[in-house]
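Some notes on the structure that comes next.
Number of protein chains: 2
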Amino acid sequence: MSLLVVGSIAFDSVATPFGERRDILGGAASYFSVGASLFTPVRLAGVVGEDFPEEHIQLFRERGIDLEGLQRVPGGLTFRWAGRYEGRMDVAETLETHLNVLGECTPSLPERFRETEYVLLANDHPKNQLAVARAMTAPKLLMMDTMNLWIDHNRDELLEVLTAVDALVCNDEEARSLGENTNLIGAMKTIRECGPRIVLVKKGEHGSIVLMDDRFFALPAWPLEKVVDPTGAGDTFASGVMGWLARQDRVDFPTLKTAMAYGTVVASYNVEAFGLDKLRTLRWGDIERRYQEFIRFLDLGLE
Amino acid sequence: MSLLVVGSIAFDSVATPFGERRDILGGAASYFSVGASLFTPVRLAGVVGEDFPEEHIQLFRERGIDLEGLQRVPGGLTFRWAGRYEGRMDVAETLETHLNVLGECTPSLPERFRETEYVLLANDHPKNQLAVARAMTAPKLLMMDTMNLWIDHNRDELLEVLTAVDALVCNDEEARSLGENTNLIGAMKTIRECGPRIVLVKKGEHGSIVLMDDRFFALPAWPLEKVVDPTGAGDTFASGVMGWLARQDRVDFPTLKTAMAYGTVVASYNVEAFGLDKLRTLRWGDIERRYQEFIRFLDLGLE
């Protein structure tokens, strides 16, 4: 099944202990769409400026991504983010943010995109997320991401979006903050009571945990000795989760568990190189190979 | 098989968001021996003062713990620790430490204890750990714990103990520090190259990860909505791991995986109440029941 992502496309400048890159393709929707395109046909909705180069468009095209929802603003500048990772590299220090076109306009959704059954609302202002959620005509799975900015300053609007979606994906600090509980399990239960039947929490090197209805499931991360650039880890994790669910066209607990394993695999590849350098050349065979390795890694070896 | 633990016995005073307790039974060897006694016969070696009450001795006796190595120092005072947990409760803030008899003498190991095949050297000065390691006549599994104090100030002595043991258990911050790598996977590999073929890392709410020879395995924690008192979580985790290995009398990778699941179960019970309040009444049936639940929680549900 088709999978729609609505979210940011950016120029990123990133510094990590392993080097730095300037003005590379970034943004949640870029990471998500390229990752998910390994699993299923992807539709992308987002806004860029006139400075957005043909080579990035070309990358999306090579991945078969439907770009009818990619809106280029004449005279506008693409969203820019600069950040740095140090030490354990578990948190990005933001050095610069220029919203540019993101602050000026919201993408208009092509009419035929509204029928997409699997939808990821990448991190954005809750009012934009709500508008897209309400525009969808027959969603089977509406998942949203968010960030502390909205949790801290737009809680009421955020809570309204939560009633309109099936799933929330966020990191563990965001979950504790949104669920107003330092205990993550308790926080996840509180969030689920706000609306979404699926609460999916990303924990970086510590893996992921989900609550679906009244059942928990958790996975450790794939053990990586070298993380070159963590940017996009969460977005590519979500891309594997949503990609697998859309590919199977099934949203039940067993399928979600497998989807989390695939999400772990895509994210583990993504962080092995700067930006989308790894994902842009990845093939389905690579995903399947590491998925099988990951399953063996997880195996308790019981009879 | 019998399992020997050499380590501290203490009076703990603990404050958490759920209450506080003063002068309760604590210390790594107390937590470890009570936890492991659910699995296998346990021998305890440690030093207490004349102030150590009969009721604590009685608790050990009820658990069938061999106390020939419990040394009571006439006129001495038992080791005391006071600490506080706040917020996420993942780190204890130490408020007071009185080494008392721990700083004055080391336990003399009863001759017959030296033949024990499974041995846990709880956190202690590396020179004490090395003396015990060298005193053992036919160990099948010698596991040591440690702490940042020794990693920071007694690194050379610690490295010497590492060459004399089969396994190290520590938390993830200690592993990163000892392995001199902010990447945990890399740090664990470095530690393994220092001697122990098993490097077992405790991550609290994030579970545990092990490296045995060249293979990794990781487990999430049991999802607990309420952690009343995290004191002893690491020691009781280790008690389940060592307890299961000694019970099976087998140290191979599949048995170690199952042992980590049992360790997770014991630790999850332990943190549900203050001090040893939960473990003192726990029965094998409780362990087996939650172990089965934990296995179902972990199940990917693949064919």
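Line by line, the protein sequences give chains A and B.
Counted the way my numbering counts, the first sequence spans residues 9 to 311.
Counted the way my numbering counts, the second sequence spans residues 9 to 311.
For glycine and all other residues, C-beta sits at the position ideal for the given N, C-alpha and C.
Using a Cβ-Cβ cutoff of less than 8 Å, which residues in the same chain neighbour residue i once the five nearest sequence positions on both sides are dropped?
i: A100(B); result: G91, R92, Y93, P238 and T239
i: Y299(A); result: A269, Y270 and V273
i: R143(A); result: For the record, residue 143(A) in the displayed sequence is Ala; it is not Arg. Same-chain partners within the cutoff: L117 and R122.
i: A241(B); result: K210, G212, A275, N278 and V279
i: G215(A); result: A226, L227, P228, A229 and T272
i: E58(B); result: R80, V81, P82, G83, G84 and L85
i: M97(A); result: T24, P25, V235 and P238
i: V109(B); result: V55, V56, G57, V81, G84, L85, T86 and F87
Taking 7 Å as the limit between beta carbons, can you name the residues of its chain near residue i, skipping five residues before and five after?
i: V169(B); result: P134, Q137, L138, A141 and M152
i: S185(A); result: N156 and I159
i: L166(B); result: P134, T154, W158 and I159
i: K286(B); result: Y277, N278 and E280
i: L290(B); result: L46 and Y277
i: H64(A); result: L33
i: S196(A); result: The amino acid at residue 196(A) is misidentified as Ser; the sequence shows Met. The answer, listed in chain order, is A183, G187, V207, V209 and L219.
i: K148(A); result: E125, Y126 and V259
Excluding the five sequence neighbours on either side, which residues of its own chain have a C-beta within less than 6 Å of the C-beta of residue i, listed in chain order?
i: P49(B); result: S10
i: F26(B); result: V236
i: V218(A); result: L208 and F225
i: V179(B); result: Note on residue identity: the sequence assigns Asn, not Val, to residue 179(B). Only K210 meet the Cβ criterion.
i: F19(B); result: D31, T86 and R88
i: Q256(B); result: T263
i: T244(B); result: Y39, G43, V274, A275 and N278
i: V14(B); result: A53, L129 and V140
i: R71(B); result: V42 and S45
i: I104(B); result: It is Glu, not Ile, that sits at residue 104(B) in the sequence shown. So the qualifying residues of the chain are A90.
Check the Cβ-Cβ distances between residue i and every residue of chain A, and say whether any is below 8 Å.
i: V177(B); result: no
i: A269(B); result: yes
i: L306(B); result: yes
i: P228(B); result: yes
i: I295(B); result: no
i: F68(B); result: no
i: F19(B); result: no
Using a Cβ-Cβ distance cut-off of 8 Å, determine whether residue i contacts chain B.
i: E188(A); result: no
i: N136(A); result: no
i: F26(A); result: no
i: F47(A); result: no
i: F282(A); result: no
i: F40(A); result: no
Kindly list, in the order they appear in chain A, the residues whose Cβ is closer than 9 Å to that of residue i.
i: K197(B); result: E233
i: N245(B); result: Looking at the sequence shown, residue 245(B) is not Asn but Phe. Residues of chain A passing the Cβ test: none, with the nearest at roughly 15 Å.
Chain B partners of residue i, CB-CB under 7 Å?
i: E213(A); result: L192
Along chain A, in chain order, which residues have C-beta atoms closer than 7 Å to that of residue i?
i: R96(B); result: T190
Using a Cβ cut-off of 8 Å, pull out every chain B residue sitting near residue i, in sequence order please.
i: G309(A); result: F261, P262, K265 and T266
i: I338(A); result: Lying before the first or after the last residue shown, residue 338(A) is absent from chain A, which here runs from 9 to 311.
i: F224(A); result: P231 and F305
Which residues of chain A have a Cβ atom closer than 8 Å to the Cβ of residue i, listed in chain order?
i: P118(B); result: Result: empty, since nearest Cβ-Cβ is about 37 Å, beyond 8 Å.
i: I303(B); result: L308 and L310
Starting from residue i, follow its DSSP beta bridges and name the residues at the other end.
i: Q79(A); result: V55(A)
i: F87(A); result: A18(A)
i: P24(A); result: For clarity, residue 24(A) is Thr in the given sequence; the question names Pro instead. BP columns for T24(A) point to G27(A).
i: R255(B); result: BP columns for R255(B) are empty, so no partner.
i: L11(A); result: V50(A) and Y126(A)
i: R92(A); result: A23(A) and E101(A)
i: L33(A); result: F19(A)
i: H106(A); result: R88(A)
i: D294(A); result: DSSP, once it has assigned bridges, lists no residue as partnering D294(A).
i: D74(A); result: R51(A)
For a test of your reading of the model: does the CB of residue i fall under 7 Å from any non-hydrogen atom of the ligand FMN? Yes or no.
i: P82(A); result: The ligand FMN is not among the ligands present in this structure, which contains no ligands whatsoever.
Taking the runs of the beta strand (DSSP E) that are 3 residues or longer, which of them lie wholly in the region 138-180 of chain B?
149-153 and 175-179
Can you list the beta strand (DSSP E) stretches of 3 or more residues lying completely in the region 168-242 of chain B, in chain order?
175-179, 206-210, 216-220 and 223-227
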